[in-house]
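Numbered as in the working numbering, the sequence shown ends at 303 without a single skipped number. The block underneath contains the structure these notes are about, expressed in structure tokens.
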Amino acid sequence: MTTGTTTPGSAYDAEGLLDAGAVLPPGTEGAGERAVPLAARAYRHPALDDRVIVRLVPEELTAAEDLAAGFLGLVPEGEPAVVGLGERRALGFPEWVLAHHPEDGHHALAVVPELERAARQARSKPKAAMDACRRLADRLAASVPHFLPTFYEQAGRVFVAADNTQYAGQLFAAARTAEARHGLAVDEDRLDAVFLEFALAAALPVKVLSGYAKDLTARVPAEEALRRYTRLCLRRTAGGLAPSAQMAADIRRLAKAAGADADAAEHDYLAEVIALPAALRAAPGW
């Protein structure tokens, strides 16, 4: 665990440590939008005698983590304890399957070793790794298509870790295509989280976020679409990415669809975003 304190003036250091996988001390300032409380969760298993398994998970995911661990026969012990700050993430693969579709858990676990093999190739042989991920996805599509969104996202994380944001973005797009093609239910809160995660990893160009704004209007009430998209844009900029004029235009369009004052919605958004450090890196005239 990273020790010591991080002062407000060392935000770059804190965010850099998060990028490297560090656990920051609780209360670290300047860690950015990606930092969330990280909890230590203890589990026991009848086959392990008195030994205790401890997992570090985002505090907001502890309930889902308990469900996934339960598939493996692990029983929570005590209450989770916040031990620091870690990087924000959505519930991934195979944990999402284990938590929400335990009857299919054995299918998900069978895929993990092959995905791990692809991960080992991602940096040195990215095309071979990408081809392996697509072959795995084709197999899943034939029998368990509801795995596809979280599988593609997990494969995308493999390429984020390998600094290949192009392939990561392609896999993220494949996840959204799978949702539409197979008519899968969308958990809007989970989707918000993965959009933010991949946006902060610089894997999603602004036009993808603009497409998300349009998709939101087809799934949720107009007022909710405006709220969710505005929050995503603000959190993206709070995470260190420069704002874009397209985002302000999207907010105006969503406000009109919601019957709200478009000028006021844009003004409120700009008033918040302009106070964020990343706004200084915006393109001239944004």
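Yeah, the Cβ is synthetic: ideal placement off N, Cα and C, and Gly gets one too. Here the structure is a predicted model, which is why all the values come from computation and not from measurement.
In terms of Cα proximity to P238, the closest of A274, Y60 and L89 is A274.
V40 counts as buried, since at least 16 other C-beta atoms from the protein chains shown sit within 10 angstroms of its C-beta.
Counting of Cβ neighbours within 10 angstroms places A195 among the buried residues, the total reaching 16 or more. Contiguous beta strand (DSSP E) elements confined to the segment 128 to 153 do not occur, taking only those with 3 or more residues. In the assembly as shown, V99 is an exposed residue. Its beta-carbon has fewer than 16 other beta-carbons within 10 Å. Residue pairing for R72: DSSP places it in a beta bridge opposite R58. Its Cα nearest to that of R106, the residue A210 stands out among G90, A210, A272 and L35. Taking 8 Å as the cut-off, the Cβ atoms of L132 and G122 do not count as close.
Annotation: the continuous beta strand (DSSP E) that includes E96 extends over V92 to E104.
Here the C-alpha atom of R270 lies approximately 11 Å from the C-alpha atom of S227. When DSSP states are grouped into helix, strand and coil, L201 belongs to the coil group. Less than 8 Å separates the beta-carbon of E170 from that of A192.
Sequence-distant Cβ neighbours of F176 in its own chain, meaning closer than 6 Å and more than five residues away, are A139, Y184 and A185. With 16 or more other Cβ atoms from the protein chains shown falling within 10 Å of its own Cβ, P260 counts as buried. Of the other Cβ atoms in all chains shown, 16 or more fall within 10 Å of the Cβ of L293; this residue is therefore buried. Cβ contact annotation for P119 (same chain, cutoff 6 Å, sequence separation greater than five): F88, in chain order. Counting along the chain, the unbroken alpha helix (DSSP H) around I268 starts and ends at A262 to A274.
Looking at the DSSP output, L41 shares a beta bridge with L102. Put simply, of A145, R152, E289 and E50 the residue whose alpha carbon is nearest the alpha carbon of V128 is R152. Residue E94 holds the alpha-carbon nearest to the alpha-carbon of A57 among E94, C250, A48 and R156. Nearest neighbour of A52 by Cα position, chosen from L297, R137, C250 and E104, turns out to be E104. Secondary-structure assignment with DSSP links A52 through a beta bridge to E104. Per DSSP, the continuous alpha helix (DSSP H) segment holding V225 begins and ends at V223 to R236. For A281, the closest of G302, Q263 and L243 by C-alpha to C-alpha distance is L243. Comparing alpha-carbon positions, the option among A48, R245 and M264 lying closest to W303 turns out to be M264.
Taken through DSSP and simplified to helix, strand or coil, P119 comes out as helix.
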